[in-house]
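Enquirer: Handing you a structure now.
Number of protein chains: 4
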Amino acid sequence: MAHRPGDVVETTLRVRYAETDQMGVVYHSNYLIWMEVGRVELCRSLGVRYREMEREGVLLTVAEASCRYHAPAHYDDEVIIRTWIEQSHARMVTFGYEMREKEQGTKLATGFTKHVFCGRDLKPAKLPRGYWREFGIAQPDHDGRE
Amino acid sequence: MAHRPGDVVETTLRVRYAETDQMGVVYHSNYLIWMEVGRVELCRSLGVRYREMEREGVLLTVAEASCRYHAPAHYDDEVIIRTWIEQSHARMVTFGYEMREKEQGTKLATGFTKHVFCGRDLKPAKLPRGYWREFGIAQPDHDGRE
Amino acid sequence: MAHRPGDVVETTLRVRYAETDQMGVVYHSNYLIWMEVGRVELCRSLGVRYREMEREGVLLTVAEASCRYHAPAHYDDEVIIRTWIEQSHARMVTFGYEMREKEQGTKLATGFTKHVFCGRDLKPAKLPRGYWREFGIAQPDHDGRE
Amino acid sequence: MAHRPGDVVETTLRVRYAETDQMGVVYHSNYLIWMEVGRVELCRSLGVRYREMEREGVLLTVAEASCRYHAPAHYDDEVIIRTWIEQSHARMVTFGYEMREKEQGTKLATGFTKHVFCGRDLKPAKLPRGYWREFGIAQPDHDGRE
């Protein structure tokens, strides 16, 4: 793959009318959905299709989400989502995000989401080794201590 | 139960800010979600908790949805959803809906959703007999062939 | 413009996790939002940026929406939305839609939305002449009867 | 009013099918919408109808939102949202939230949202005096300069 765990990956989306509210700007919870869009594309660029990972029984549940809103996004704006892995180990991964309006470059929002690797039962479970490299988790030298 | 299959059941909800769009009124796809709210309460009033039905492997997939918008709903309005079973047989059920603004009684929307009974695999499957009465499906007179 | 009012315009989007429900497929109200995405791109291809039109005081309110669901869409699917103008005159326009899963070509849904042209006050108002051509409305021969 | 700015106000809502995702639990961005529901009810209990406040040109824009997810909420659960004012002054107000599943009392999520008072132009503007008491902002002792 061209991308590596430390890289920042950019995704672009266009603001939907449905995402606005009566203030005439994007309703704030939608930024969390945009983070998801960015996260999925980051994973894809690292060689992980989240859909397949989930089919194999590895789920990423959200433990925390945080967003600071700098400037409002408007209907039909193109928004660039920059996503990166902020921190990761065998049990958790934190993604960082920055969202900008494409034309002017205005910073719209920054934030992070913290995820726990889980099994199909939604109970925490170590990320299988096969995925460590993609998520930037250092391989233990010898004895398997992480 | 007090309610029977032919009855109209009323549910009330309050419009959320998140449901508005920049026109200053409720975005139209939300009415389909409100229909779901009405449908679930109708089922409950008939003695069927949809959650349990689904756990037992009986799913209601949507085959068709239709809505006519008469007047816009606004943020913080209380909306009354009237729901009823329009038609039903062992393979399908159609729900009818009418939504009104509570205070003035203004008619907001009318519509219907048509559903196919399915199994866990999302493949069409006859509704088990145990649910026929609740959904207003006539019992066969004698030989049980449906 | 390359596109003309009778044309079918294709838009592609990728299914978001947020759009799925616990049945493991896309929740049905989201198709109405996808129709909006298709409609906006159709308008753009005809030379109308809906955002600008709205700023000029021409709003498209939804009078009716209808959708038939043929097969479920899944998370991370790419969906092709085909959109066209089904009917139009100075007071209303109806858009038609067909949605397919890109890889297999499976038909997911078909539907239409009917819209009334309105002014900023959300009251019906004839579409200004300047937009007639884009929406495929025939120019009157002589005396302005539409 | 029975309620005062320091009070915790409880609101109950029922999880909608539309709010679940394919993990079988509530999609995480919906908690921000639930916070809005709690916030609006808190305001109402303090004597402020947010709809009226906005009509008078006082808007509450979101500057930051944060949520920790403790346990997943499920379809048809009743959720109790406890909301309170965590901090407030003439330019900002922070609301705190705790969400629990009603029947078992399980803590689902905790979080906060930080808001900036704005005018109709979405530019920051001091909250008019008439609202200070409701938002728990101390009146200045003497000369009233804000």
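Protein chains in written order, with my numbering: chain A, 66 to 211; chain B, 66 to 211; chain C, 66 to 211; chain D, 66 to 211. The C-beta atom is built at its ideal place from N, Cα and C for all residues, glycine as well. Since the model is a prediction, treat every value here as computed from it, not as a measurement.
1. How about T175 (chain D) and E106 (chain D): are their beta carbons less than 9 angstroms apart?
2. Give me whichever residues DSSP pairs with V144 (chain A) in a beta bridge.
3. On the premise that F200 (chain A) lies in contact with P70 (chain A), defined as a C-beta separation below 8 angstroms, what is that separation, rounded to the nearest angstrom?
4. What residues of chain B sit near C132 (chain C), judged by a beta carbon separation below 8 angstroms?
5. Could you round the C-beta distance between F177 (chain A) and S131 (chain A) to whole angstroms and report it? I think they count as a contact, below 8 angstroms.
6. Give the secondary structure of W99 (chain D) by DSSP, where H, G and I count as helix, E and B as strand, and everything else as coil.
7. Consider the Cβ of Y196 (chain C): report whether some Cβ of chain A lies at a distance smaller than 9 angstroms.
8. With the cut-off set at 9 angstroms, would you say H139 (chain D) and F160 (chain D) are in Cβ contact?
9. In the DSSP assignment, what residue or residues form a beta bridge with W149 (chain D)?
10. When you compare the CB of S153 (chain D) with every CB in chain C, is at least one pair closer than 9 angstroms?
11. Might you give, ordered along the chain, the residues of its own chain that have their beta carbon closer than 8 angstroms to the beta carbon of M66 (chain D), omitting 5 neighbours on each side?
12. Compare the C-beta of V90 (chain B) with all C-beta atoms of chain C and state if any pair is closer than 9 angstroms.
13. Name the chain D residues that come within less than 8 angstroms of Q204 (chain C), Cβ to Cβ?
14. Taking the alpha helix (DSSP H) that R120 (chain D) belongs to, which residues open and close that run?
15. In chain order, what residues of the segment 98 to 115 of chain D put their CB closer than 7 angstroms to some CB of chain A?
16. Note down, in chain order, every chain A residue with its Cβ under 7 angstroms from the Cβ of P137 (chain D).
17. Is there a C-beta anywhere in chain B that falls below 9 angstroms from the one on T76 (chain C)?
18. With a cut-off of 9 angstroms, does the C-beta of A83 (chain D) fall near any C-beta of chain C?
19. What's the call for G209 (chain A), buried or exposed, on a 16-neighbour Cβ count within 10 Å?
20. Report the rounded CA-to-CA distance for R133 (chain C) versus Y162 (chain A), giving the unit in angstroms.
21. Please work out which residues of its chain come closer than 6 angstroms, Cβ to Cβ, to M192 (chain A), disregarding the five sequence neighbours upstream and downstream, and give them in chain order.
22. Within a Cβ cutoff of 7 angstroms, which residues of the same chain sit near R81 (chain C), ignoring the five residues on either side of it in sequence?
23. Please report the Cβ distance between I150 (chain A) and E75 (chain A), rounded to the nearest whole angstrom; I am assuming they are in contact, meaning their Cβ atoms lie under 8 angstroms.
24. Which chain B residues are close to Y140 (chain D), counting only those with a beta carbon under 7 angstroms from its beta carbon?
25. In angstroms, rounded to a whole number, what distance separates the CA positions of C108 (chain C) and R104 (chain A)?
26. Here's a check: name, in chain order, each residue in its chain whose Cβ is nearer than 6 angstroms to the Cβ of G184 (chain A), leaving out the five neighbours to either side.
27. Are any of the Cβ atoms in chain C nearer than 9 angstroms to that of R79 (chain A)?
28. Could you round the C-beta distance between V127 (chain D) and H93 (chain A) to whole angstroms and report it? I think they count as a contact, below 8 angstroms.
Expert: Taking the geometry as given:
1. In the fourth sequence, counting from the first residue as 1, residue 175 (chain D) sits at position 110. In the fourth sequence, counting from the first residue as 1, residue 106 (chain D) sits at position 41. Not a contact, by the Cβ cut-off of 9 angstroms.
2. Along the first sequence, read from residue 1 onward, the residue named residue 144 (chain A) stands at position 79. Bridge partners of V144 (chain A): A:L78 and A:E166.
3. The count along the first sequence starts at 1 and reaches residue 70 (chain A) at position 5. The count along the first sequence starts at 1 and reaches residue 200 (chain A) at position 135. So it is a contact: roughly 6 angstroms between Cβ atoms.
4. Looking up residue 132 (chain C) in the third sequence gives position 67. In chain order: E129, A130 and S131.
5. In the first sequence, the residue the question calls residue 177 (chain A) occupies position 112. In the first sequence, the residue the question calls residue 131 (chain A) occupies position 66. Indeed, because the Cβ distance is near 6 angstroms, the residues count as touching under 8 angstroms.
6. Working through the fourth sequence from its first residue, we reach residue 99 (chain D) at position 34. W99 (chain D) falls in the helix class under three-state DSSP.
7. Counting from one through the third sequence, the residue named residue 196 (chain C) turns up at place 131. No, Y196 (chain C) does not count as interfacial toward chain A.
8. Along the fourth sequence, one-based indexing puts residue 139 (chain D) at 74. Along the fourth sequence, one-based indexing puts residue 160 (chain D) at 95. For H139 (chain D) and F160 (chain D), no; Cβs fall outside 9 angstroms.
9. Indexing the fourth sequence from 1 puts residue 149 (chain D) at position 84. DSSP, once it has assigned bridges, lists D:G161 as partnering W149 (chain D).
10. Stepping through the fourth sequence from its first residue, residue 153 (chain D) is reached at position 88. Taking Cβ atoms only, chain C never reaches closer than 9 angstroms to S153 (chain D), which makes this a no.
11. The sequence position of residue 66 (chain D) within the fourth sequence is 1, counting from 1. Only weak support is given to the placement of M66 (chain D): the predicted model assigns it a pLDDT of 46, under 50, and the question is left unresolved by the model.
12. Looking up residue 90 (chain B) in the second sequence gives position 25. It does: the Cβ of V90 (chain B) has a partner Cβ on chain C nearer than 9 angstroms.
13. Numbered from 1 along the third sequence, position 139 holds the residue referred to as residue 204 (chain C). Within 8 angstroms Cβ-Cβ: nothing; Q204 (chain C) doesn't reach chain D, min ~40 angstroms.
14. As a first step, residue 120 (chain D) must be located in the fourth sequence, where it is residue number 55. Its alpha helix (DSSP H) spans residues Y115 to R120.
15. I98
16. Sequence index remark: in the fourth sequence, residue 137 (chain D) carries index 72 (1-based). The answer, in chain order, is L187.
17. Working through the third sequence from its first residue, we reach residue 76 (chain C) at position 11. False, the Cβ-Cβ gap to chain B never drops below 9 angstroms.
18. Counted from its first residue, the fourth sequence places residue 83 (chain D) at position 18. Chain C, which has a Cβ nearer than 9 angstroms to the Cβ of A83 (chain D), makes this yes.
19. Position 144 of the first sequence holds residue 209 (chain A). Unreliable positioning characterises G209 (chain A) in this predicted model, as indicated by a pLDDT of 49, which lies under 50. A coordinate reading is not provided.
20. Locating residue 133 (chain C) in the third sequence gives position 68, counting from the first residue. Locating residue 162 (chain A) in the first sequence gives position 97, counting from the first residue. Straight-line Cα distance between these residues: approximately 37 angstroms.
21. Indexing the first sequence from 1 puts residue 192 (chain A) at position 127. A small fix is needed here, since residue 192 (chain A) is Leu in this sequence, not Met. Answer for L192 (chain A): A155 and F182, listed in chain order.
22. In the third sequence, the residue the question calls residue 81 (chain C) occupies position 16. Closer than 7 angstroms at the Cβ level, and outside the excluded window around R81 (chain C), lies no residue.
23. In the first sequence, residue 150 (chain A) corresponds to position 85, counting from 1. In the first sequence, residue 75 (chain A) corresponds to position 10, counting from 1. Contact doesn't hold; Cβ gap of about 15 angstroms is too wide.
24. Taking the fourth sequence and counting its residues from 1, the one referred to as residue 140 (chain D) is at position 75. Result: R116.
25. Within the third sequence, the letter at position 43 stands for residue 108 (chain C). Within the first sequence, the letter at position 39 stands for residue 104 (chain A). Distance between the alpha carbons of C108 (chain C) and R104 (chain A): 30 angstroms.
26. By one-based count along the first sequence, residue 184 (chain A) stands at place 119. Here the set comprises G122 and A190.
27. Within the first sequence, residue 79 (chain A) is the residue found at index 14, counting from 1. Yes, R79 (chain A) lies at the interface with chain C (some Cβ there is under 9 angstroms from its Cβ).
28. For the purposes of this step, residue 127 (chain D) is identified with residue 62 of the fourth sequence, where counting begins at 1. For the purposes of this step, residue 93 (chain A) is identified with residue 28 of the first sequence, where counting begins at 1. Yes, V127 (chain D) and H93 (chain A) are in contact; Cβ-Cβ is about 4 angstroms, under 8 angstroms.
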